[in-house]
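In the working numbering, the protein residues as written are 694 to 807.
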(Lines of atoms letter the chains of each structure in order from A and count residues from 1; the text may use other names and numbers.)
(Lines give C-alpha, C1' and ligand atoms only; values in the text may rest on other atoms or scores of the structure.)
Protein backbone atom coordinates (compact mmCIF):
# COMPACT_ATOMS: atom_id res chain seq x y z
CA UNK A 1 0.00 0.00 0.00
CA UNK A 2 1.07 3.52 -0.67
CA UNK A 3 0.29 6.71 1.10
CA UNK A 4 -3.10 7.51 2.57
CA UNK A 5 -4.05 9.60 -0.46
CA UNK A 6 -3.06 6.88 -2.91
CA UNK A 7 -4.84 4.23 -0.87
CA UNK A 8 -8.08 6.19 -0.66
CA UNK A 9 -8.01 6.92 -4.39
CA UNK A 10 -8.31 3.19 -5.04
CA UNK A 11 -11.44 2.69 -2.95
CA UNK A 12 -14.91 2.99 -4.41
CA UNK A 13 -17.76 5.11 -3.12
CA UNK A 14 -19.43 5.05 -0.58
CA UNK A 15 -16.58 3.50 1.43
CA UNK A 16 -14.09 6.07 0.18
CA UNK A 17 -16.26 9.00 1.27
CA UNK A 18 -16.66 7.61 4.78
CA UNK A 19 -12.92 6.97 5.16
CA UNK A 20 -12.03 10.35 3.65
CA UNK A 21 -14.21 12.03 6.28
CA UNK A 22 -12.20 10.42 9.08
CA UNK A 23 -8.94 11.49 7.41
CA UNK A 24 -10.24 15.05 6.96
CA UNK A 25 -11.07 15.29 10.66
CA UNK A 26 -7.60 13.96 11.53
CA UNK A 27 -5.98 16.59 9.31
CA UNK A 28 -8.08 19.34 10.95
CA UNK A 29 -7.05 18.23 14.41
CA UNK A 30 -3.37 17.79 13.63
CA UNK A 31 -2.46 19.98 10.64
CA UNK A 32 1.17 18.85 10.73
CA UNK A 33 0.45 15.17 10.04
CA UNK A 34 2.44 13.41 7.38
CA UNK A 35 1.48 10.43 5.25
CA UNK A 36 3.37 7.19 5.63
CA UNK A 37 2.88 3.62 6.76
CA UNK A 38 2.71 1.85 10.10
CA UNK A 39 2.33 -1.89 10.52
CA UNK A 40 2.03 -2.15 6.73
CA UNK A 41 -0.99 0.17 6.63
CA UNK A 42 -1.25 3.60 5.04
CA UNK A 43 -1.28 5.97 7.99
CA UNK A 44 -1.19 9.55 9.10
CA UNK A 45 1.85 10.15 11.28
CA UNK A 46 2.13 12.77 14.00
CA UNK A 47 5.61 13.58 15.25
CA UNK A 48 6.78 10.42 13.47
CA UNK A 49 4.33 8.20 15.37
CA UNK A 50 1.27 6.41 14.04
CA UNK A 51 -1.69 8.72 14.54
CA UNK A 52 -4.52 7.02 12.66
CA UNK A 53 -5.20 4.65 9.81
CA UNK A 54 -8.46 3.83 8.09
CA UNK A 55 -8.93 0.76 5.92
CA UNK A 56 -11.50 -1.06 3.86
CA UNK A 57 -11.75 -4.80 4.49
CA UNK A 58 -14.06 -7.38 2.92
CA UNK A 59 -16.52 -7.19 5.81
CA UNK A 60 -16.20 -3.66 7.21
CA UNK A 61 -14.32 -0.39 7.39
CA UNK A 62 -11.86 0.10 10.23
CA UNK A 63 -10.22 2.88 12.19
CA UNK A 64 -6.89 2.13 13.88
CA UNK A 65 -5.71 4.68 16.48
CA UNK A 66 -2.36 2.88 16.94
CA UNK A 67 -3.04 2.46 20.63
CA UNK A 68 -4.65 -0.29 22.64
CA UNK A 69 -5.50 2.16 25.42
CA UNK A 70 -7.92 4.60 23.77
CA UNK A 71 -10.95 2.55 22.76
CA UNK A 72 -11.24 0.71 26.10
CA UNK A 73 -11.25 4.10 27.86
CA UNK A 74 -14.33 5.21 25.91
CA UNK A 75 -16.13 1.88 25.54
CA UNK A 76 -19.45 3.41 26.66
CA UNK A 77 -19.30 5.65 23.58
CA UNK A 78 -18.73 2.67 21.28
CA UNK A 79 -22.14 1.05 21.73
CA UNK A 80 -23.43 -0.02 18.33
CA UNK A 81 -19.94 -0.63 16.93
CA UNK A 82 -17.78 -3.71 16.82
CA UNK A 83 -14.39 -3.00 18.34
CA UNK A 84 -11.30 -4.42 19.95
CA UNK A 85 -8.64 -2.48 21.87
CA UNK A 86 -6.86 -1.43 18.68
CA UNK A 87 -9.64 -1.37 16.06
CA UNK A 88 -13.01 0.28 15.60
CA UNK A 89 -15.13 -1.37 12.88
CA UNK A 90 -17.93 0.43 11.05
CA UNK A 91 -19.67 0.73 7.68
CA UNK A 92 -21.11 3.37 5.35
CA UNK A 93 -24.53 2.51 6.81
CA UNK A 94 -23.20 2.93 10.36
CA UNK A 95 -20.34 5.47 10.14
CA UNK A 96 -18.47 6.75 13.16
CA UNK A 97 -20.00 10.09 14.17
CA UNK A 98 -17.66 13.05 13.75
CA UNK A 99 -17.76 13.78 17.48
CA UNK A 100 -16.59 10.25 18.27
CA UNK A 101 -13.79 10.44 15.69
CA UNK A 102 -12.68 13.69 17.31
CA UNK A 103 -12.77 12.15 20.79
CA UNK A 104 -10.63 9.19 19.68
CA UNK A 105 -8.15 11.44 17.92
CA UNK A 106 -7.97 13.91 20.83
CA UNK A 107 -6.97 11.04 23.07
CA UNK A 108 -4.36 9.88 20.55
CA UNK A 109 -2.90 13.39 20.24
CA UNK A 110 -2.61 13.51 24.02
CA UNK A 111 -0.85 10.10 24.07
CA UNK A 112 1.60 11.15 21.40
CA UNK A 113 2.31 14.41 23.22
CA UNK A 114 2.88 12.73 26.60
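The beta carbon of each residue, even a glycine, is placed where N, CA and C say it ideally should be. What you are looking at is a predicted structure, and each value in this text was computed from that prediction instead of being measured.
Contact between residue 759 and residue 743 holds, with the beta-carbon distance rounding to 3 angstroms and staying under 8 angstroms. By the 16-neighbour rule on beta-carbons within 10 angstroms, residue 789 is buried.
Looking at the DSSP output, residue 734 bridges to 731. For residue 749, the enclosing beta strand (DSSP E) stretches over residues 742-749. Around the beta carbon of residue 732, fewer than 16 other beta carbons sit within 10 angstroms, so the residue counts as exposed. As a beta-bridge residue in DSSP terms, residue 780 pairs with 777. The C-alpha of residue 773 lies about 22 angstroms from the C-alpha of residue 801. Of the candidates 711, 807, 724, 711 places its Cα closest to the Cα of residue 756. Separation of the CB atoms of residue 738 and residue 721 is rounded to 16 angstroms, and the pair is thereby denied contact status at 8 angstroms. Cβ atoms of residue 697 and residue 794 stay farther apart than 8 angstroms, at about 15 angstroms.
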